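Enquirer: First, the structure itself, so that you have it in front of you.
Number of protein chains: 2
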Amino acid sequence: MYYVGIDLGGTNIAAGLVDDQGNIIHKDSVPTLSDREYPEIIYDMAMLTLKVIKDSGISIDDVKAIGVGSPGAPNCDEGILIYASNLKFRNVPIRAGIQKYVDLPVYLDNDANAAALGENMAGACKGAKHSVTVTLGTGIGGGIIINGKVYSGFNNAAAEIGHMVIVVDGEQCKCGRKGCWESYASATALIRQTKDAAVANPDSLINKLVNNDLSQINAKTAFDAAKQGDRTGQELVAKYIKYVAEGLANIINIFQPEIVAVGGGISREGEYLLKPLRELVRQRVYPLEGVPQTRITVAQLGNDAGIVGAAMLGKIM
Amino acid sequence: MYYVGIDLGGTNIAAGLVDDQGNIIHKDSVPTLSDREYPEIIYDMAMLTLKVIKDSGISIDDVKAIGVGSPGAPNCDEGILIYASNLKFRNVPIRAGIQKYVDLPVYLDNDANAAALGENMAGACKGAKHSVTVTLGTGIGGGIIINGKVYSGFNNAAAEIGHMVIVVDGEQCKCGRKGCWESYASATALIRQTKDAAVANPDSLINKLVNNDLSQINAKTAFDAAKQGDRTGQELVAKYIKYVAEGLANIINIFQPEIVAVGGGISREGEYLLKPLRELVRQRVYPLEGVPQTRITVAQLGNDAGIVGAAMLGKIM
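If you read the protein sequences in the order shown, they are chains C and L. For our numbering, add 2 to where a residue sits in the first sequence, where the first one is 1. For our numbering, add 2 to where a residue sits in the second sequence, where the first one is 1.
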């Protein structure tokens with residue numbers, strides 16, 4: 003059997019036809035044009051679904067379900083998107099809306115949860131009963147898989163691991179709290195830290211890498227400077243990885259999953275990030291004798307995780 | 003049907019015959035005498051089981067299983083206690099040991115997990131699909147119930163929520179990390195904070211309450227002073243409750259359980275603790291529109307939670 007996974011984003015709607023093992027057979031996307039009213043966006047989701055099925059050459063009779071990963075807070079049981087701020091959606095009937103055009107079961111979950119399910123069923127966490135996927139991006143996203151299923155709490159709003167405070171009364175977070183992990187360990191936080199360090203250390207390689215234009219600093223800049231031996235860059239990266247480690251050690255102490263997969267743009271640093279990260283986490287997790295330890299690895303599916311995971315929602319139901 | 007729950011502690015072995023609803027029919031205890039070799043302790047556990055059944059007047063044919071809650075790290079699948087530092091146990095076959103004397107299924111789990119299961123099945127969290135029990139005691143213990151079952155990770159070592167860092171590079175914790183929640187919000191932490199405040203504020207009521215003998219300060223002292231209008235006491239309690247709230251808000255952002263039950267000695271402060279705590283948590287949890295919120299309540303079963311929860315291990319298997 004096959005499944006369609008739809009990754010509903012603020013910029014694009016991406017959909018893919020996915021096989022039973024989580025392989026994408028064919029995928030396509032259309033712009034979300036997020037200012038539109040929801041019936042138009044749902045219509046496009048349905049049409050993209052039909053197009054993806056058709057273009058893949060698979061019969062719709064062999065498609066078992068459609069899964070949708072969306073930002074915001076879903077009511078998974080009823081297939082309703084309660085809200086999604088970047089889409090201005092309020093109580094939108096995703097399931098019923100798509101089923102107007104396509105006669106298939108429709109499942110809905112949060113996009114971060116879907117991505118975690120994708121990694122669990124077909125990516126870095128394949129085979130793990132319990133896994134956590136952490137995305138170091140604009141914010142820190144999280145998805146928790148327990149017993150092979152998405153864990154999302156009694157109100158489908160769980161796994162906001164980026165909003166775990168690691169520094170009481172620390173940096174202001176956009177969620178309203180102070181000291182959230184994402185204020186220290188997201189890509190956005192690293193860019194802020196890099197800018198501050200560039201100002202404080204005008205001779206640093208960081209300034210040269212961006213031609214003294216601080217607005218060109220991105221989440222790679224500090225890593226690039228560090229790899230070229232720049233001391234400011236190395237200190238920045240070491241401090242940043244320590245913040246990542248503090249949050250990851252918390253997650254491991256709480257969940258003890260077989261695998262934690264680290265995704266998002268920063269995970270492209272690969273072992274340059276992971277090697278010191280594993281060591282810092284090892285020093286921080288609760289000491290356990292004779293007990294197997296969580297593995298930390300890089301997420302594998304990249305941007306496809308949302309499509310694959312959304313599709314797999316149909317398989318695990 | 004009935005179940006026997008055994009709460010194996012460093013000081014006492016407590017056992018109870020428990021009915022299907024989690025009510026204790028009869029209970030008893032014997033000293034652990036923890037310096038002994040494990041076969042003697044297991045023998046006492048088995049004999050106490052038989053005595054509790056006999057004294058309750060229930061036929062052993064109506065007893066379905068024995069559950070054991072123990073400190074340390076269990077291998078739940080195999081019924082082996084990998085270690086328990088306060089008992090000097092290493093790879094002790096609890097299940098096989100008890101079954102030498104009593105021909106019943108034996109289940110084993112961590113004591114904090116067992117207590118959380120007890121609260122979920124017969125106490126403050128009754129009826130909740132997902133709940134978390136937090137014990138503010140010598141340390142901070144945690145138990146996580148997901149879909150009505152104990153969640154303990156792939157290695158049975160999960161739910162070390164007290165060892166979630168809330169202040170990076172903060173107070174030294176005995177686990178080796180710095181800044182763990184339990185270093186700020188356990189009863190032990192409150193006692194330390196109270197002593198420090200008593201020294202810094204010699205005119206505080208705290209000093210009078212303990213006749214200027216700081217060694218008499220306990221986890222109630224600050225609350226007692228606060229209730230009598232002492233400013234130092236009030237500031238202490240406010241700061242302490244804030245630390246509790248920071249960790250609880252993290253737990254809620256991560257798990258979104260229907261109910262969080264707060265247990266341990268400090269929970270006897272009841273609404274004096276819970277009312278400001280709920281407000282501080284409300285300000286801190288990730289803002290959600292139109293989504294039901296976690297309830298925070300006091301654990302109900304007290305010291306019996308371990309017996310009840312251990313017994314209920316037999317029911318949920």
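Note that the Cβ used here is the ideal one computed from N, Cα and C, for glycine as well. If you're wondering where the values come from, they're calculated on a predicted model, not measured in any experiment.
(1) Nearest chain L C-beta to Met166 of chain C closer than 8 angstroms, yes or no?
(2) What did DSSP end up calling Phe156 of chain L once you bin it into helix, strand or coil?
(3) How big is the Cα-Cα spacing for Asp111 of chain L and Ala240 of chain L?
(4) Are Thr296 of chain C and Ile261 of chain C close, meaning C-beta to C-beta below 8 angstroms?
(5) Rounded to whole angstroms, what is the Cα-Cα separation between Tyr40 of chain L and Ile298 of chain L?
(6) Mind listing which residues of the segment 288 to 305 of chain L have their C-beta closer than 9 angstroms to chain C's C-betas, in chain order?
(7) Using a 10 Å radius around the Cβ and a threshold of 16 neighbouring Cβ atoms, would you call Tyr242 of chain L buried or exposed?
(8) Relative to the C-alpha of Arg270 of chain L, which residue among L:Ala313, L:Thr234, L:Arg286, L:Ala221 is closest?
(9) With a threshold of 8 angstroms on Cβ separation, who are the neighbours of Asn14 of chain L within its own chain once the five nearest residues in sequence on each side are excluded?
(10) Which bits of chain L does Val136 of chain C rub up against, with CB to CB less than 8 angstroms?
(11) Indicate whether Asn115 of chain L and Gly12 of chain L have their beta-carbon atoms separated by less than 8 angstroms.
(12) Along the segment 147 to 175 of chain L, where does the CB come closer than 7 angstroms to a CB of chain C? Name the residues.
(13) Under the DSSP definition of a beta bridge, which residues are partnered with Tyr4 of chain C?
(14) Scan the segment 76 to 104 of chain C for residues whose Cβ lies nearer than 7 angstroms to a Cβ of chain L and list them as they occur along the chain.
(15) Do Leu10 of chain L and Met47 of chain L have their C-beta atoms within less than 8 angstroms of each other?
(16) Is it buried or exposed, Ala160 of chain L, if we count other Cβ atoms within 10 angstroms and call 16 or more buried?
(17) Using a Cβ-Cβ distance under 8 angstroms, would Phe225 of chain C count as near chain L?
(18) Could you list which residues in chain C have their beta carbon closer than 7 angstroms to that of Cys177 of chain L, in chain order?
(19) Mind checking Arg233 of chain C: buried by the 16 CB within 10 Å criterion, or exposed?
(20) Within the segment 114 to 201 of chain L, note down every full beta strand (DSSP E) run reaching 3 residues or more, in order along the chain.
(21) Determine the direct distance from the alpha carbon of Gly144 of chain C to that of Pro259 of chain L, and round the result to whole angstroms.
(22) If distances are taken between C-alpha atoms only, which option among C:Ile193, C:Ala17, C:Asp22, C:Glu80 comes closest to Gly71 of chain C?
(23) Would you give the residue range spanned by the alpha helix (DSSP H) that Lys229 of chain L belongs to?
(24) Report the rounded CA-to-CA distance for Ala75 of chain C versus Ile163 of chain C, giving the unit in angstroms.
(25) In chain L, what lies closer than 7 angstroms to Asn252 of chain C by C-beta?
(26) For Glu14 of chain L and chain C, any beta-carbon pair shorter than 8 angstroms?
(27) If the cut-off is 9 angstroms on Cβ atoms, which residues from the segment 237 to 248 of chain L count as contacting chain C, listed in chain order?
(28) Do Tyr186 of chain C and Phe225 of chain C have their C-beta atoms within less than 8 angstroms of each other?
(29) Have a look at Met314 of chain C and Asp306 of chain L and give me their C-alpha separation to the nearest angstrom.
(30) Okay, do the segment 171 to 183 of chain C and the segment 283 to 295 of chain C touch, 3+ Cβ pairs below 8 angstroms being the bar?
(31) Using 8 angstroms as the threshold, is the C-beta distance between Glu1 of chain C and Ala301 of chain C below it?
(32) Name the chain L residues that come within less than 7 angstroms of Asn255 of chain C, Cβ to Cβ?
(33) Which bits of chain C does Pro33 of chain L rub up against, with CB to CB less than 8 angstroms?
(34) My assumption, with CB atoms under 8 angstroms, is that Tyr4 of chain L sits in contact with Val65 of chain L. Please give the rounded CB distance.
(35) Quick check: the Cα distance between Ala86 of chain C and Pro73 of chain C, rounded to an integer number of angstroms?
(36) For Glu131 of chain C, decide whether its Cβ has a neighbour in chain L, counting only Cβ atoms nearer than 8 angstroms.
Expert: If we stick to the structure as given:
(1) For Met166 of chain C, at least one C-beta of chain L is nearer than 8 angstroms to its own C-beta.
(2) Secondary structure at Phe156 of chain L: coil, using DSSP grouped into helix, strand and coil.
(3) The alpha-carbon separation between Asp111 of chain L and Ala240 of chain L amounts to approximately 35 angstroms.
(4) Yes, they are a contact pair.
(5) Taking the straight line from one Cα to the other gives about 39 angstroms.
(6) If you check each beta-carbon in the segment 288 to 305 of chain L against every beta-carbon of chain C, the ones closer than 9 angstroms belong to Tyr288, Pro289, Leu290, Glu291, Gly292, Val293, Pro294, Gln295, Thr296.
(7) Within a 10 Å sphere around the beta-carbon of Tyr242 of chain L sit 16 or more other beta-carbons, which makes this residue buried.
(8) Nearest of L:Ala313, L:Thr234, L:Arg286, L:Ala221 to Arg270 of chain L, Cα basis: L:Ala221.
(9) So the list reads Ser31, Val32, Pro33, Thr34, once near-sequence residues are dropped.
(10) Per Cβ cutoff of 8 angstroms: no residues; Val136 of chain C is ~12 angstroms from chain L at best.
(11) The answer is no: Cβ separation not under 8 angstroms.
(12) Under the 7 angstroms Cβ criterion, the segment 147 to 175 of chain L contributes Ile148, Tyr153, Gly155, Phe156, Asn157, Ala159, Ala160, Ala161, Glu162, Ile163, His165, Met166, Val167, Ile168, Val169, Val170.
(13) In DSSP, Tyr4 of chain C forms a bridge with C:Asp21, C:Val65.
(14) Only Ile84, Tyr85 from the segment 76 to 104 of chain C bring a Cβ to less than 7 angstroms from some Cβ of chain L.
(15) Between Leu10 of chain L and Met47 of chain L, the CB-CB gap stays under 8 angstroms.
(16) It is buried - the Cβ of Ala160 of chain L has at least 16 other Cβ atoms within 10 Å.
(17) It does not: the Cβ of Phe225 of chain C has no partner Cβ on chain L nearer than 8 angstroms.
(18) Here the neighbours are Tyr288, Pro289.
(19) It is exposed - the Cβ of Arg233 of chain C has fewer than 16 other Cβ atoms within 10 Å.
(20) For the segment 114 to 201 of chain L, whole beta strand (DSSP E) runs of length 3 or above, ordered along the chain, are 133 to 138, 142 to 148.
(21) Using only the alpha carbons, I get a separation of about 17 angstroms.
(22) Selection C:Ile193, C:Ala17, C:Asp22, C:Glu80 evaluated against Gly71 of chain C yields C:Ala17 as nearest (Cα-Cα).
(23) Its alpha helix (DSSP H) spans residues 223 to 229.
(24) Those two C-alpha atoms are separated by around 15 angstroms.
(25) Against chain L, the beta carbon of Asn252 of chain C has neighbours under 7 angstroms at Met166, Val167, listed in chain order.
(26) Note on residue identity: the sequence assigns Asn, not Glu, to residue 14 of chain L. Chain C, which has no Cβ nearer than 8 angstroms to the Cβ of Asn14 of chain L, makes this no.
(27) Taking 9 angstroms as the Cβ-Cβ cut-off against chain C, the residues of the segment 237 to 248 of chain L that qualify are Lys244, Tyr245, Glu248.
(28) No. Outside cutoff.
(29) Rounded to whole angstroms, Met314 of chain C and Asp306 of chain L show a C-alpha spacing of 42 angstroms.
(30) The way I'd put it, the segment 171 to 183 of chain C doesn't touch the segment 283 to 295 of chain C; fewer than three beta-carbon pairs between them come closer than 8 angstroms.
(31) Shown here, chain C extends from 3 to 319; a query on residue 1 of chain C therefore has no answer.
(32) By Cβ distance, chain L contributes Glu162, His165, Met166.
(33) By Cβ distance, chain C contributes nothing, its closest Cβ being about 26 angstroms from Pro33 of chain L, past 8 angstroms.
(34) The pair is a contact, with the Cβ atoms about 5 angstroms apart (cut-off 8 angstroms).
(35) In this structure, the straight-line span from the alpha carbon of Ala86 of chain C to that of Pro73 of chain C is close to 6 angstroms.
(36) One detail in the question is off: residue 131 of chain C reads as Lys in this sequence, not Glu. Under the Cβ criterion of 8 angstroms, Lys131 of chain C is counted among the residues facing chain L.
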